[in-house]
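Quick note on numbering: our numbering labels position 66 of the sequence shown as 89, and the sequence is numbered without any gaps.
Beta carbons: idealized from backbone N, C-alpha and C, even for Gly.
What you are looking at is a predicted structure, and each value in this text was computed from that prediction instead of being measured.
Structure first, commentary second.
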Amino acid sequence: MLPSVIVGLMLFSSTCGENPAVQVILTDKGLQYGKHVGAGWIQDRLEHVSLPDINGKILGGIHYTLTGVTITKCDFPEPSIEFRQDVTGLKLSTSGLSVALTGEWMTHFGIIHDGGTFDMAAFNMDVTSVVELGKDPDGHLSVTSVHCDARVGNVDVRFHGGASWIFQPFVEHFKGRIRGEIEATICPNVEESIVNLEYHLQAMKLSFNLDEKFTFDVPLTGLPIINSSSMNLGLKGEFYDTKAHTEPPFEAQPFTVPEQPAYMLSVGLSEFTMNSASYVFYSAGLLQVVIIDSMIPPYLHMHLNTSSMGPYIPQLPKMFPGLLMTLQIYAREVPMFSFQPGVVKLGLQGAVKAFAIQPNGTQTPLFKLNVDPKLSGKVWIADGRLKGSMALDNFTLTLEASEVGTFQTDSLERATKAGMMFGLVKLNTELGKGLVLPRMRHAELVDTVLGMEEGFIAISSDAQVFLTDRGFN
Ligand SMILES: *[C@@H]1O[C@H](CO)[C@@H](O)[C@H](O)[C@H]1NC(C)=O
Ligand SMILES: *[C@@H]1O[C@H](CO)[C@@H](O)[C@H](O)[C@H]1NC(C)=O
Ligand SMILES: *[C@@H]1O[C@H](CO)[C@@H](O)[C@H](O)[C@H]1NC(C)=O
Ligand SMILES: *[C@@H]1O[C@H](CO)[C@@H](O)[C@H](O)[C@H]1NC(C)=O
């Protein structure tokens, strides 16, 4: 009984109780911009589209084929698009669309073959499509058509060549039917493109390998949340050790990204994402380093040996004269980031184990110190670059164990703190130069702002998409 309850609870917590660590919010401004870019792209592509052959039978047994049908001109008024809360989706409509087509016609009636060319125009077409957005079991965004409606205002067809003069007069008579046939082809085509889009969505990667050891998982954690002003996608946003794939002993907390309708999109990044990375690196044993004398930069003018430790640990050079030392530095606990309004706090709990290297190579343990720096950082965006600075808020150094007898740590603490401050000055020089914001091949973020909030970072931005005539490829 109990085991099944536990399994049930675990399943429940991993499917229902999961908060997204990353939220991507598309505002109406972003939706309208996307539509504008997409409409221009479709208009360009429509003018080079070839349609499939149309076959049929008219006038009691005359087979006809319309072939090589291409769009010669397309008047594609800007469609309208809106978020629809009632269907958790989008409504897209175009009205007043007109298309001019050209092609060849062929008829055969028994052994009599005939043929020529034709021009056709369809005017004032209205197309409305409503799609629902959802989440598939793997966490992909899914899209399904829930409604489609197509109306053609009017059509006109001119046949040229062959015996067209005979049947041209009948065209007037058949306009209604031609209109109906065009109308009937539109929604299946729209639905086919939605199925095609769904296929592409399902093929999207939900897990990115950072290298062979670590992955970053971004499946949807729940259904998209849509109202008339925005769409919010909640993503897992968690780092994993690819092999072990263990969950950290802490969970993503819920957070609300303030709505920023003046920007096209906003991204909220929870401190959980950073802490999951921290947990993964810590668990993989990466948060440790061994320092040897030759690694100390020459400009520090110091050596890692027992005599240079004399001012801090007077007995050390007497017990182990003239020996080089090594320091094993590691994190005692998972370093945890805490995002607060305006600042990121980072508490490190580190330890330093010191060894003397005997002439025969044996490493003799000397002492172990606990080193607990508390850091705070700021991040901001300026001149299109992500910049930052770090400060040391607190620093404590305590003697945890000693094989060389006890010693006062005050002066060692002061010296180490001074060393850290010096390191931070160098680091801040680099952070101040900043990192160029990531730029994709076809899109760039513009007017990006970043704010630190309680538990998360909120980034809001406009985007600029550059489409070549080859589209997104
Ligand atoms: C839509 O939802 C967001 C939060 O997800 C909220 O801030 C906004 O006010 C809502 N807009 C409307 C029109 O209800
Ligand atoms: C130990 O370090 C001091 C100064 O840091 C240096 O003068 C001395 O030569 C070093 N001794 C050895 C054995 O490396
Ligand atoms: C290496 O030297 C140290 C100190 O002289 C000694 O205690 C230790 O036993 C030696 N180890 C080996 C493997 O010779
Ligand atoms: C630094 O941390 C120690 C231990 O947590 C605390 O006792 C001390 O008051 C802190 N100092 C400052 C300046 O915050």
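Practice task
Within 10 angstroms of the Cβ of residue 286, are there 16 or more other Cβ atoms? Answer buried if so, exposed if not.
Solution key: Taking the first residue of the sequence shown as 1, we reach residue 286 at position 263. Buried, by the Cβ-count rule.
Handout entry: Nonlocal neighbours in the same chain, by C-beta distance under 6 Å from residue 37, ignoring five residues either side
Key = As a working note, residue 37 is residue 14 in the sequence shown. Residue placement at residue 37 is poorly supported in this model, since its pLDDT is 45, which falls under 50; the coordinates are not used for a value here.
Exercise for the section: Specify the secondary structure class of residue 358 as computed by DSSP and reduced to three states. Expected result: For this step, residue 358 is matched to residue 335 along the sequence shown. Residue 358 falls in the coil class under three-state DSSP.
Exercise for the section: Confirm the yes/no value for this check: CB of residue 419, any heavy atom of ligand 4, distance under 7 Å. Expected result: Position 396 of the sequence shown, counting from 1, holds the residue named residue 419. Yes, since a heavy atom of ligand 4 falls inside the 7 Å radius drawn around the Cβ of residue 419.
Exercise for the section: List the residues that DSSP assigns as beta-bridge partners of residue 168. Expected result: Sequence index remark: in the sequence shown, residue 168 carries index 145 (1-based). Beta-bridge annotation (DSSP): residue 168 is paired with 154.
Problem - Coil, strand or helix - residue 87 by DSSP - result: On the sequence shown, residue 87 is found 64 positions in, with the first residue counted as 1. Correct three-state label for residue 87: strand.
Practice task
Express the C-alpha separation of residue 126 and residue 21 in angstroms, rounding to a whole number.
Solution key: Within the shown structure, residues of the chain are numbered from 24 to 496, placing residue 21 beyond reach of any answer.
Practice task
Buried or exposed for residue 382, please, with buried defined as at least 16 other CB atoms from any protein chain shown within 10 angstroms of its CB.
Solution key: Residue numbering aside, residue 382 sits at position 359 when the sequence shown is read from its first letter. Its Cβ having fewer than 16 others within 10 Å, residue 382 is exposed.
Exercise for the section: Give a single yes or no on whether residue 383 has its beta carbon closer than 7 Å to a heavy atom of ligand 2. Expected result: The residue given as residue 383 occupies position 360 in the sequence shown. Residue 383 Cβ: outside cutoff for every heavy atom of ligand 2.
Exercise for the section: Check whether the Cβ of residue 318 lies closer than 7 Å to any heavy atom of ligand 2, and answer yes or no. Expected result: The residue you call residue 318 lines up with position 295 of the sequence shown. Checking every heavy atom of ligand 2 against the Cβ of residue 318, none is found closer than 7 Å.
Handout entry: residue 297 classed as buried or exposed, judged by whether at least 16 other C-beta atoms fall within 10 angstroms
Key = Numbered from 1 along the sequence shown, position 274 holds the residue referred to as residue 297. The residue in question, residue 297, is buried, as its Cβ has 16 or more Cβ neighbours within 10 Å.
Exercise for the section: Express the C-alpha separation of residue 361 and residue 462 in angstroms, rounding to a whole number. Expected result: As a first step, residue 462 is located in the sequence shown; it is residue number 439 there, counting from the start. As a first step, residue 361 is located in the sequence shown; it is residue number 338 there, counting from the start. Near 28 Å, if we compare the C-alpha coordinates of residue 361 and residue 462.
Exercise for the section: Could you pull the start and end residues of the beta strand (DSSP E) that residue 196 belongs to? Expected result: Locating residue 196 in the sequence shown gives position 173, where the first residue counts as 1. Where residue 196 is concerned, there is no enclosing beta strand (DSSP E), although the alpha helix (DSSP H) it sits in stretches over 187-225.
Practice task
Whole angstroms is fine: what's the gap from residue 416's alpha carbon to residue 397's?
Solution key: In the sequence shown, the residue the question calls residue 416 occupies position 393. In the sequence shown, the residue the question calls residue 397 occupies position 374. Going by the C-alpha atoms only, they are around 5 Å apart.
Problem - Bridge partner(s) assigned by DSSP for residue 174 - result: In the sequence shown, counting from the first residue as 1, residue 174 sits at position 151. Paired residue(s): 149.
Handout entry: Neighbourhood of residue 395 by C-beta, 6 Å cutoff - its chain only, sequence neighbours within 5 removed
Key = As a first step, residue 395 is located in the sequence shown; it is residue number 372 there, counting from the start. These residues qualify, in order along the chain: 372, 419.
Practice task
Name the one or two DSSP bridge partners that residue 51 has.
Solution key: Position 28 of the sequence shown, counted from the start, is the residue given in the question as residue 51. Beta-bridge pairing links residue 51 to no other residue.
Practice task
Could you please give the first and the last residue of the uninterrupted beta strand (DSSP E) stretch that includes residue 344?
Solution key: Within the sequence shown, the letter at position 321 stands for residue 344. In the DSSP annotation of this structure, residue 344 is not part of any beta strand (DSSP E), being labelled neither H nor E.
Exercise for the section: Kindly identify the DSSP beta-bridge partner or partners of residue 296. Expected result: By one-based count along the sequence shown, residue 296 stands at place 273. According to DSSP, residue pairing for residue 296 in a beta bridge does not occur.
Problem - Contact the segment 399-409 vs the segment 457-477: 3+ CB pairs below 8 Å - result: yes
Exercise for the section: For residue 291, count neighbouring Cβ atoms within 10 angstroms of its own Cβ and tell me buried if that reaches 16, exposed if not. Expected result: Here residue 291 corresponds to residue number 268 of the sequence shown, with the count starting at 1. By the Cβ neighbour-count rule, residue 291 is buried, with 16 or more other Cβ atoms within 10 Å of its own.
Practice task
Enumerate, from N- to C-terminal direction, the unbroken alpha helix (DSSP H) stretches of 4 or more residues contained entirely within the segment 406-443.
Solution key: none
Exercise for the section: Could you tell me the boundaries of the beta strand (DSSP E) in which residue 124 lies? Expected result: On the sequence shown, position 101 is the one that residue 124 refers to. Residues 112-132.
Exercise for the section: Go through its chain and collect everything with a Cβ distance to residue 26's Cβ below 6 Å, but skip five positions before and after it. Expected result: As a first step, residue 26 must be located in the sequence shown, where it is residue number 3. At residue 26 the pLDDT is 49, less than 50, meaning the model places this residue with poor confidence; the figure from the coordinates comes in the next sentence. Closer than 6 Å at the Cβ level, and outside the excluded window around residue 26, lies no residue.
Exercise for the section: Output the distance between the C-alpha atoms of residue 81 and residue 67, rounded to the nearest integer angstrom. Expected result: As a working mapping, residue 81 is identified with position 58 in the sequence shown. As a working mapping, residue 67 is identified with position 44 in the sequence shown. So the two alpha carbons sit approximately 34 Å from each other.
Exercise for the section: State the DSSP-derived secondary structure class of residue 238, mapped to helix, strand or coil. Expected result: Start at 1 with the first residue of the sequence shown, and residue 238 comes out as number 215. Residue 238: strand per DSSP, three-state reduction.
Handout entry: Cα-Cα separation between residue 171 and residue 105, rounded to whole angstroms
Key = Taking the sequence shown and counting its residues from 1, one reaches residue 171 at position 148. Taking the sequence shown and counting its residues from 1, one reaches residue 105 at position 82. Roughly 15 Å separates the two Cα atoms.
Problem - residue 322 classed as buried or exposed, judged by whether at least 16 other C-beta atoms fall within 10 angstroms - result: What you label residue 322 is simply residue 299 of the sequence shown in a count that begins at 1. Exposed: under 16 other Cβ atoms inside 10 Å.
Exercise for the section: Would you identify the three-state DSSP class for residue 14, choosing helix, strand or coil? Expected result: The structure shown does not extend to residue 14, since the chain spans only 24 to 496, so no value can be given for it.
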